[in-house]
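Number of protein chains: 2
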Amino acid sequence: MAEAWLIAPAASIISILIGLFLFKYVNDKDAGTDRMKQIAGWIREGSRSFLKTEYTYLGVFVVVMAVILSAALSLKIGVTYVFGTLLSGLAGIIGMEIAVKANVRTANAAKKGGLTEAFPIAFRGGAVMGLMVVGLALFGVSLIYWLTKDPEIVLGMSIGASTLTLFMKAGGGIYTKTADIAADLVGKVELSIPEDDPRNPAVIADNVGDNVGDCAGSGADLFDSYVAAIMAAMILGGTLPIQYLEAVPLVYAGLGILASILGIAIVRVGKDGDPGKALNMGTYATTLAFAVLTYGATIILGYDVKIWYCNIAGLAAGTVIGLTSDYYTSINRSPAKKTAESSQTGAAITILTGFSYGLISCFPAFLGIGIGSAIAFTLYAAVGMLSIAGIIIAGDAYGPIGDNSKGIAEMSELGEDVVDITDEIDAAGNTTKAITKGFAIGAAGLTALALLASYQEIVKRIVGTTVVFDLMDPMVMMGVFIGMSVPVIFSAMIILAVSKNAYRMIEEIRRQFREIPGLMEGTGTPEYNKCVNIATKGALTELLPLIVFSIMGTIVLGFVAGIKALAGYLSGAIFSGFFLAILMANAGGLWDNAKKYVESGFFGGKGSDAHKAAVIGDTVGDPFKDTAGPSLNTLVTVISQIASLFAPLFIAYALIGV
Amino acid sequence: MAEAWLIAPAASIISILIGLFLFKYVNDKDAGTDRMKQIAGWIREGSRSFLKTEYTYLGVFVVVMAVILSAALSLKIGVTYVFGTLLSGLAGIIGMEIAVKANVRTANAAKKGGLTEAFPIAFRGGAVMGLMVVGLALFGVSLIYWLTKDPEIVLGMSIGASTLTLFMKAGGGIYTKTADIAADLVGKVELSIPEDDPRNPAVIADNVGDNVGDCAGSGADLFDSYVAAIMAAMILGGTLPIQYLEAVPLVYAGLGILASILGIAIVRVGKDGDPGKALNMGTYATTLAFAVLTYGATIILGYDVKIWYCNIAGLAAGTVIGLTSDYYTSINRSPAKKTAESSQTGAAITILTGFSYGLISCFPAFLGIGIGSAIAFTLYAAVGMLSIAGIIIAGDAYGPIGDNSKGIAEMSELGEDVVDITDEIDAAGNTTKAITKGFAIGAAGLTALALLASYQEIVKRIVGTTVVFDLMDPMVMMGVFIGMSVPVIFSAMIILAVSKNAYRMIEEIRRQFREIPGLMEGTGTPEYNKCVNIATKGALTELLPLIVFSIMGTIVLGFVAGIKALAGYLSGAIFSGFFLAILMANAGGLWDNAKKYVESGFFGGKGSDAHKAAVIGDTVGDPFKDTAGPSLNTLVTVISQIASLFAPLFIAYALIGV
């Protein structure tokens, strides 16, 4: 059936409508006392101010890129590029807006009706983000496909989404860890005041960071992988013999949205229920529903059943990587406990132990990606993992809402009981976060491999014959080594950016405690906005040259060394990028939970030497897991797409190489 | 000239003779007072005891391997395998014996005649190691080539050397860092007694560690890369059209030895001279002499001058990597200073900053290796870097002699002036060490690439046609990801082994201070041998399963997934192995010098909070730079050669794949 792909726009519109409905549901809830509204207002204003500044920077960047793309390639690409950035940006705004509404309403509901009333608000807030992201993304892809029937034009939209994502993910990551580290180092360590204490000038920036980094950033991240995977699968699918096969990714993605809606609908928690279990149940139900729906569609539409197997292989690889991340980071498992135990011998051993387990945790992920790419057509595998993005993003966006609601409950002094409930909601977010993060990295890894394959496909269409990327070709090998350095340098620079920026904010916090009378005693008012401004400005100014450098580096290599070297370069970037992403995410999560394990009373508990060592581990892990690690996926996606876009020019004008 | 290759055995015999002569020169010097002899005796006995235990383990391992190789492949391979282990083992023994003689004699000469008398003893002690290693290695290769004229049989000897090296390098690395970390954590941190204080029960183990890790281990490391590079170049050279081309690597290597002897001869230092400059002068002279000699030989013997260019490209790549390591680790450069400065904000920022600079330092190395492999035939490039191994090893082995002499001077209370002189000798060792380490890693990287090419060549000879290792082949791509995990897991396990073993030794040191009466007051005698035994036993028992696992993993993958997957696997191991080796060596060296920078009086100096943070960085860096990092080269060399050796069996019996 030639019209089967229409399931994609249909599902995407349903997704957007349900998203808007849930938005209204959350918005209609009571936002609580004046004090709560005041605090939530600070967070909202901080988040909006960050997004506004970021979008201003981005506006300039997008215009410059659009002009370059239109001039160098075609106006169509330039226009779809802008379209992609607009959709991705819109998804970010909606996700952020719902998050800053849901946080305070969750806290208020916890006060009024306990867990059963609070949990749905937090989760549905997250679901708004999930549904809007996949809805807008698939709607955009469908629209362009309908207008042009050319998957390569979708590439323009995809790269628009990716460049925006890189800013939101990496910029948000720098922001959130700047605030987190600075708030902790001065507040907890130097002054011994609790986390989320309103006297700390960085506390609002810290809560804003949760929104801009975890919520808007993660949503944009999966938006980007999602679009890129569908696009790559369409480009590759178009070359297979069966007619209309390039529509398969659209059909599967549409069914994935329906499965996600089903999964979101069944997530509920009873009076003494476990929010973590409820979230996981939603994910499992979605996965199962997706498998059943796509099998049915494959049979009914007469697709090769091998495609369905690949789809399932991708899903399985994603699950393996997610579960591995869970094992290596969970507070209840041996790696975190052993890392906590090793803290008794000092911080150096904490670092070494956590780093080692982080390295070991890469093995199942490598195996999963390796076998996944071997048994699948790669392309469909990636779509398989990403089709259930709706529920994954919902779980991801739930995290910062829960985290914020706890912060608001504490700052508004809603009492021990309420804080405990929000704490439970927050803790469930941490559990699912490890799994969804692993899933996102795995999906991005397979997407990058699919992008590599689509790069080869595009080169083939231009040259007229398959160009082999032989590992023993000196140009390819050289490309691999140069490509490996891109994620490596990017990680380094972005971690240094966090250090530098945190240093600036620490100076500011110290200044405020020194100069504002009565701040420590609780009678003075901290200047929250100064910290917010430092985090915002630093994040964006540190980031811009890095992104420009990555894109320019790719283009320069292509023009100098040609398409074979570039294929090696993309592969090298995938290798080191995937490795560092997994290592940093898992080691970071592990140190975090090792610290929590010590705090729960083991090895001397809070305030002991072991705790101090564990805190150092956690601080090292912060930019690993929340800044550098999660940005790498997007970085690799961006440069892969740049390579594909510019391939015709490299072939025509490269200095050396074929 | 068909007999040109005879320059190799001739040069190797000259090298061995000069080595023996220098051995006698050092041995004839006075070993000083009874107290000095007693301390040197403890170190000597500890070193011998480690080597004895290690060789006992190794004996069993070698016999098992020889039986397997003889049965699975051929008796010839089995015999040359044993021959390789014997030569490498002999080089280790000689290097160790001269180190434990030169250390005390250097200290004594410093007391008697100052720097001008002490320096030549330390340097010539190192030169013994350098000359014996290259002499024995090239003699062995020449002998086998003379007997068989078949470079593939040399592979047997090469892998014999490599497996032994892996034990010596990694085992010595675990040993030295176990002792170092344990001695520091209890001695310096808990009890506030100085380094090298004879009351510390781990102090002898610490000094032994310098010998077994740095001296015997590093010598074996370059022995192994040296043989492997010559062997790989011979296998590849044999396929080129020009007759006798497989002898080129032998000719170049022979000339390299002569150049090294020249360089060693001119190293001297005046009364107020700078030992560091003298050492570097020797290296530069050797490099220049080597370039001139090989150019002459290339012209006279009528070789293609392109080979000479490749040779020089390899030398240039090695120099770039060495100088990069120097820049990123030197105490006088911005990375170490900035890391020291960041220590003021706490240990977490020290770790993050040093780690980031370590990542950045990979870029020039990647670029060097990438461009080096692209412009050279790879094979000859590797020989180019390694031909001057003689002087490189001499500089490397000089390090622990200087370090030990300082320890002996302190423990024997030879006075401030003498300690200062030995300190100067020691410091020069640290400067050259960064360069030689970078050089060794670069050489190993190019060697591994040459081994990959020789693997393809061997496969081609069996199959009869060139098998392309296409990156887009799912088996190759799967192989890359699985191969990447080998160095990753190996690093993790070996770091965990150091942590575990250090923990055991810490318990023992604490026990001795608790139970031995008068130990802290200086009237009791510590049981040094107990610490030596813990370090020895732990190092070997932790290591054996790791090595067996790496070898077995390679063989299993070959039999299951076939030669294409294995090519990907080897490439993946090179990618992650080279990356981690550079990262760990440079980050480790950087943290070390950042600590020294703080100790020299900046940011509060010794005892300040910044110093405590910098010490944590240094401790994290210890197993990075001295255990995991340096073992990875050898690991990759071992599995590459295993793959080549077993290639015929994989082709015949693999389950899947071609």
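Those sequence lines, one after another, are chains C and X. Reminder that position 519 of the first sequence reads as 504 in my numbering, one-by-one numbering, no gaps. Reminder that position 184 of the second sequence reads as 169 in my numbering, one-by-one numbering, no gaps. Note that the Cβ used here is the ideal one computed from N, Cα and C, for glycine as well. Small disclaimer: the values here were computed from a predicted structure and weren't measured.
C-beta atoms of residue i and residue j nearer than 8 Å
i              : j              : result
M644 (chain C) : I559 (chain X) : This structure cannot speak to residue 644 (chain C), because chain C is shown only from -14 to 643.
F208 (chain C) : V113 (chain C) : no
L344 (chain X) : L568 (chain X) : yes
A599 (chain C) : A613 (chain C) : no
I151 (chain C) : T604 (chain C) : This sequence places Leu at residue 151 (chain C); Ile is not what is there. For L151 (chain C) and T604 (chain C), no; Cβs fall outside 8 Å.
A482 (chain X) : L555 (chain X) : no
P183 (chain X) : E512 (chain X) : no
E493 (chain X) : I159 (chain X) : no
A552 (chain C) : L542 (chain C) : no
S616 (chain C) : K154 (chain C) : yes
F475 (chain C) : S390 (chain C) : no
C347 (chain X) : V461 (chain C) : no
F588 (chain X) : A325 (chain X) : yes
Cα-Cα separation, residue i to residue j
i                : j               : result
G267 (chain X)   : E102 (chain X)  : 18 Å
A167 (chain C)   : I491 (chain C)  : 5 Å
A(-11) (chain C) : L286 (chain C)  : 8 Å
I62 (chain C)    : A56 (chain C)   : 10 Å
P(-6) (chain X)  : I220 (chain C)  : 60 Å
K610 (chain X)   : F104 (chain C)  : 49 Å
A76 (chain C)    : S203 (chain C)  : 11 Å
Y130 (chain C)   : I(-2) (chain C) : 16 Å
Where residue i falls: helix, strand or coil (DSSP)
i               : result
D455 (chain C)  : strand
E326 (chain X)  : helix
R20 (chain X)   : helix
N265 (chain X)  : helix
D577 (chain C)  : helix
K522 (chain C)  : helix
E409 (chain C)  : helix
G241 (chain X)  : helix
K14 (chain C)   : coil
P(-6) (chain X) : helix
I227 (chain X)  : At I227 (chain X) the pLDDT is 48, less than 50, meaning the model places this residue with poor confidence and gives no usable figure here.
A639 (chain C)  : coil
P136 (chain C)  : helix
D259 (chain X)  : coil
S561 (chain C)  : helix
L481 (chain X)  : helix
Best match in the options for proximity to residue i [C-alpha to C-alpha]
i              : options                            : result
R489 (chain X) : X:A524, X:I636, X:M478 and X:G194  : X:A524
M142 (chain C) : C:P183, C:R318, C:G157 and C:V67   : C:V67
S147 (chain C) : C:L71, C:I548, C:F348 and C:L640   : C:L71
V465 (chain X) : C:A250, C:G557, C:R446 and C:T65   : C:G557
V188 (chain C) : C:F588, C:F424, C:V517 and C:N93   : C:V517
M216 (chain X) : X:L565, X:Q497 and X:A438          : X:A438
L278 (chain C) : C:L170, C:W27, C:I242 and C:P608   : C:I242
F424 (chain X) : X:I536, X:A(-5), X:I377 and X:L504 : X:I377
I467 (chain X) : C:L575, C:E506 and C:I354          : C:I354
G380 (chain X) : X:A413, X:L300 and X:A359          : X:A413
Residue i CB to nearest heavy atom of the ligand MG below 7 Å
i              : result
A477 (chain C) : Annotation note on the ligand MG: not contained in the displayed structure, which lists no ligands.
Chain A contact for residue i (CB, 8 Å cutoff)
i              : result
V453 (chain X) : Structure shown: chain A not included; protein chains present are C and X.
Let me know the beta strand (DSSP E) ranges lying completely inside the segment 83 to 113 of chain X, each 3 residues or longer, listed in chain order. Listed in chain order, there is nothing to give.
My parser needs the alpha helix (DSSP H) runs of 4 or more residues fully inside the segment 168 to 206 of chain X; what are they? Uninterrupted alpha helix (DSSP H) stretches at least 4 residues long and entirely within the segment 168 to 206 of chain X occur at 188 to 194, given in chain order.
Segments of 4+ residues assigned as alpha helix (DSSP H) that fall wholly inside the segment 329 to 405 of chain C: Runs of the alpha helix (DSSP H) inside the segment 329 to 405 of chain C: 332 to 360, 364 to 372 and 374 to 396.
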